[in-house]
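Residue numbers (the working numbering), protein chains in the order written: chain X, 65 to 343; chain F, 822 to 1165.
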């Protein structure tokens, strides 16, 4: 029987600052065989820990096609993530996983893809976005709508600008509080609906962000013609085990860690209102 | 089903003898009168067995502690190296369990096996022998006849002892149970037709003695079909002090927290019992808490047991042991919720 609670040592190879409180860590398992064999799907997460500090679920921001390393984009929020932000290249970190389900991609070939993210909600979508670009010709239009509170809280800005140049691809930014250099949209992410045509019959949406954003984005998507089963949301919950045992992430009879974190809106709708916490 | 006799005088000798080959747990009465399931210590066996109490009302702490202790280390670490602490599987004899607690153990076994296997729990639980001593004097808060989890079971046990005057009638429920009797054959006698009749009467009397009767099936059916009014949970929330005691003593509650403890460069990662009624249970590092309102915590606490466990496994997580009510400082129990939901 495998001991799922034992994490594997890995080394932080490089650190990329994304914003004032967010960094992307490139991580390689110390065990060479594991580094090569570690497979995951876009949308999955790992349990990340520092011995003596604690452990938390972090979504994988890299793309499964890139082998040998993992990228984790982490905002310094709690005790553990603040400690992770103190790490330097060469330091050790512990990883177990991958856990959870993933975003559908093979199943949606030839369809238009819409990615809608808020703040730190982009990293969980980055893997599936990159996977989609790796086989760009298999899909229709791709639109990425990304909002944050301030311009400096937007992650992967250079990458997003590069994606905007890919044919038949549109990347739109918005912020709530612009600075003097900001030339793009101002307002919550749903105000981007005025900037681009979102009407669709068969488009597939991938959504990640704070609960209140998710709620308003879903409303907009439904109005634009997206079907319940074509809207995918990845949820965040407090988790201690990642394997459906500790109980913390339960919603109704589901566990976000093993039944999610990706849920279609059709599923989300069936959850009891009092457990949804979309307010 | 093969039936045997076990003279009451032979019970201690049987346990003492079995403890040589099995890690043996028996109900022991403390000086204060509480009964706890404790491991028979080989050196002080006789001392322990003097306090053996099989006709107890209820174990204060459910036997889940044997496989799922309140606090356990997942691993230790020293200078950034992980040292595994998981213990190898051992043969365990749990002698003197109540039927409801056996149902709860089977429920927990299934949970820790489902999806990902939990090696810490399963190594303590896989190789075990479950011996029921059926309840003779159920306490007033129990309702096992309503949940169909007692006072005796039809299946799920290895041996089931029925308390009749002077002796136990022993029902064999599995091949393992049969092998156990053969291994310790000298303690068992052949049972006659009269003995079987005596046990039938004893079982009937025990069933009659369970006074609290609830329409459990109706409550579950209603919960699965409709949301109960929010006011029902708000009424409980007004009184509940959210101490989590009911969940610690619940024989099927298995939520846990994980934390690291460290001094200088060495320490350990532990898990300890948690409870879904604690405010911090779902609080994220950002401060966002998807389940914050008291009535929602309360609804979660009861609906998980009665509705979601049922939807997932076909078996409710409540086995009718009554511990939640017995231990509650403000006199709330799941039986009251069941009553409220099932009433006209």
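The beta carbon of each residue, even a glycine, is placed where N, CA and C say it ideally should be.
Within this structure, are the beta carbons of residue 1073 (chain F) and residue 928 (chain F) separated by less than 8 Å?
-> By one-based count along the second chain, residue 1073 (chain F) stands at place 252. By one-based count along the second chain, residue 928 (chain F) stands at place 107. Yes; because the gap between Cβ atoms is below 8 Å, this pair is in contact.
Below 9 Å between beta carbons is the criterion; list the residues of the segment 920-938 of chain F that meet it against any residue of chain X, in chain order.
-> Within the segment 920-938 of chain F, the qualifying residues are 932, 933, 935, 936, 937, 938.
Can you list the alpha helix (DSSP H) stretches of 4 or more residues lying completely in the segment 1041-1124 of chain F, in chain order?
-> Listed in chain order, they are 1051-1060, 1066-1069, 1115-1124.
Could you name the residues that DSSP lists as bridge partners for residue 319 (chain X)?
-> For the purposes of this step, residue 319 (chain X) is identified with residue 255 of the first chain, where counting begins at 1. Partner(s): X:314.
Counterpart residues of residue 90 (chain X) in DSSP-defined beta bridges | Here residue 90 (chain X) refers to the residue found at position 26 of the first chain. Its beta-bridge partners are X:78, X:135.
Using the beta-carbon of each residue, which ones in chain X are nearer than 8 Å to residue 901 (chain F)?
-> To locate residue 901 (chain F), count along the second chain from 1; it is residue 80. Chain order gives the chain X residues near residue 901 (chain F) as 73, 115, 156, where near means a beta carbon separation below 8 Å.
If we ignore side chains and look at the alpha-carbon of each, how far apart do residue 339 (chain X) and residue 313 (chain X) end up?
-> As a working mapping, residue 339 (chain X) is identified with position 275 in the first chain. As a working mapping, residue 313 (chain X) is identified with position 249 in the first chain. C-alpha of residue 339 (chain X) to C-alpha of residue 313 (chain X): approximately 11 Å in a straight line.
Return helix, strand or coil for residue 936 (chain F), following the three-state DSSP convention.
-> As a first step, residue 936 (chain F) is located in the second chain; it is residue number 115 there, counting from the start. Of the three classes helix, strand and coil, the one that applies to residue 936 (chain F) here is coil, per DSSP.
Have a look at residue 156 (chain X) and residue 114 (chain X) and give me their C-alpha separation to the nearest angstrom.
-> Stepping through the first chain from its first residue, residue 156 (chain X) is reached at position 92. Stepping through the first chain from its first residue, residue 114 (chain X) is reached at position 50. Cα-Cα distance, rounded: 8 Å.
Helix, strand or coil at residue 989 (chain F) according to DSSP, with G and I counted as helix = On the second chain, position 168 is the one that residue 989 (chain F) refers to. Residue 989 (chain F): strand per DSSP, three-state reduction.
Excluding five sequence neighbours on each side, which residues of the same chain lie with their C-beta closer than 7 Å to the C-beta of residue 1060 (chain F)?
-> As a first step, residue 1060 (chain F) is located in the second chain; it is residue number 239 there, counting from the start. Answer for residue 1060 (chain F): 1151, 1153, listed in chain order.
In three-state terms, what does DSSP make of residue 144 (chain X)?
-> Against the first chain, residue 144 (chain X) aligns to sequence position 80. Assigned with DSSP and collapsed to three states, residue 144 (chain X) falls in helix.
Contact set between the segment 160-174 of chain X and chain F, restricted to residues whose Cβ is under 8 Å from the partner | From the segment 160-174 of chain X, no residue has a Cβ closer than 8 Å to chain F.
If you follow the alpha helix (DSSP H) that residue 277 (chain X) is part of, which residue opens it and which one closes it?
-> To locate residue 277 (chain X), count along the first chain from 1; it is residue 213. 275-287 is the extent of the alpha helix (DSSP H) around residue 277 (chain X).
Taking DSSP as the reference, what is the three-state secondary structure of residue 343 (chain X)?
-> Residue 343 (chain X) sits at position 279 when you count from the first residue of the first chain. Residue placement at residue 343 (chain X) cannot be trusted, given a pLDDT of 42 that sits under 50; the coordinates are not used to answer.
Of the residues that make up the segment 1010-1037 of chain F, which ones have a beta carbon closer than 8 Å to any beta carbon in chain X?
-> When CB distances to chain X are screened at a threshold of 8 Å, not a single residue of the segment 1010-1037 of chain F falls below it.
Using a Cβ cut-off of 8 Å (strictly closer), state whether residue 301 (chain X) contacts chain F.
-> Taking the first chain and counting its residues from 1, one reaches residue 301 (chain X) at position 237. For residue 301 (chain X), the answer is yes, since a Cβ of chain F falls inside 8 Å of its Cβ.
Beta carbon proximity, residue 70 (chain X) to chain F, threshold 8 Å = Indexing the first chain from 1 puts residue 70 (chain X) at position 6. Yes, contact with chain F.
What three-state label does DSSP hand residue 837 (chain F) in the structure shown?
-> For the purposes of this step, residue 837 (chain F) is identified with residue 16 of the second chain, where counting begins at 1. In this structure, residue 837 (chain F) counts as helix in the three-state DSSP scheme.
8 Å Cβ cutoff, residue 90 (chain X) in contact with chain F = Within the first chain, residue 90 (chain X) is the residue found at index 26, counting from 1. Residue 90 (chain X) does not count as touching chain F.
In whole angstroms, what separates the C-alpha of residue 343 (chain X) from that of residue 297 (chain X)?
-> Translated into positions along the first chain, residue 343 (chain X) becomes position 279. Translated into positions along the first chain, residue 297 (chain X) becomes position 233. The predicted model places residue 343 (chain X) with a pLDDT of 42, which falls under 50 and marks its position as unreliable; any figure quoted below should be read in that light. Their backbone Cα atoms lie some 15 Å apart in a straight line.
Closest Cβ-Cβ distance between residue 145 (chain X) and chain F: below 8 Å?
-> Position 81 of the first chain, counted from the first residue, corresponds to residue 145 (chain X). At least one beta carbon of chain F lies nearer than 8 Å to the beta carbon of residue 145 (chain X).
If we cut at 8 Å on Cβ distances, does residue 1127 (chain F) have a partner in chain X?
-> For the purposes of this step, residue 1127 (chain F) is taken as the residue at position 306 of the second chain. At a cut-off of 8 Å between C-beta atoms, residue 1127 (chain F) does not count as an interface residue with respect to chain X.
Residues in the segment 1069-1082 of chain F having any Cβ partner in chain X nearer than 9 Å = Contact residues of the segment 1069-1082 of chain F toward chain X are 1074, 1075, 1076, 1077, 1078, 1079, 1080, 1081, 1082 (C-beta to C-beta distance below 9 Å).
Pair every Cβ in the segment 1137-1151 of chain F with every Cβ in the segment 974-985 of chain F, then say whether three or more of these pairs are closer than 8 Å.
-> In this structure the segment 1137-1151 of chain F does not lie against the segment 974-985 of chain F, because fewer than three pairs of beta carbons, one per stretch, are closer than 8 Å.
Taking C-beta to C-beta, are residue 301 (chain X) and residue 320 (chain X) nearer than 8 Å?
-> Against the first chain, residue 301 (chain X) aligns to sequence position 237. Against the first chain, residue 320 (chain X) aligns to sequence position 256. Residue 320 (chain X) is positioned such that its CB atom lies closer than 8 Å to that of residue 301 (chain X).
Please name the residue in X:286, X:138, X:303, X:246 whose C-alpha comes closest to that of residue 90 (chain X).
-> Position 26 of the first chain, counting from 1, holds the residue named residue 90 (chain X). Checked all of X:286, X:138, X:303, X:246; the closest Cα to residue 90 (chain X) is X:138.
Hey, could you find the ends of the alpha helix (DSSP H) residue 1161 (chain F) is sitting in?
-> Numbered from 1 along the second chain, position 340 holds the residue referred to as residue 1161 (chain F). Residues 1155-1163.
When the Cα of residue 336 (chain X) is compared with those of F:1077, F:1079, F:1044, F:1056, which residue comes out closest?
-> Along the first chain, one-based indexing puts residue 336 (chain X) at 272. Residue F:1044 is the option with its Cα nearest to residue 336 (chain X).
Could you check where the beta strand (DSSP E) with residue 210 (chain X) kicks off and where it finishes?
-> Residue 210 (chain X) sits at position 146 when you count from the first residue of the first chain. Where residue 210 (chain X) is concerned, the enclosing beta strand (DSSP E) stretches over 206-212.
Which partner residues of residue 859 (chain F) appear in the DSSP bridge assignment?
-> Within the second chain, residue 859 (chain F) is the residue found at index 38, counting from 1. Residue pairing by DSSP places residue 859 (chain F) opposite F:847 in a beta bridge.
The segment 825-834 of chain F / the segment 189-199 of chain X touching (three or more Cβ pairs under 8 Å) = No, the segment 825-834 of chain F is not in contact with the segment 189-199 of chain X.
Please list, in chain order, all residues of the same chain as residue 899 (chain F) whose beta carbon is under 7 Å from its beta carbon, the five residues on each side excluded.
-> Locating residue 899 (chain F) in the second chain gives position 78, where the first residue counts as 1. Here the set comprises 1086, 1087.
Leaving out the 5 sequence neighbours to the left and right, which residues in its chain are closer than 6 Å to residue 228 (chain X) when beta-carbon positions are compared?
-> Counting from 1 along the first chain, the entry for residue 228 (chain X) is found at position 164. Contacts found: 235.
Is it a yes or a no for the segment 262-279 of chain X touching the segment 177-191 of chain X, going by three-plus beta-carbon pairs under 8 Å?
-> Yes: the two stretches touch, three or more of their Cβ pairs being nearer than 8 Å.
Go ahead and pull the three-state DSSP assignment for residue 928 (chain F).
-> Taking the first residue of the second chain as 1, we reach residue 928 (chain F) at position 107. Residue 928 (chain F): helix per DSSP, three-state reduction.
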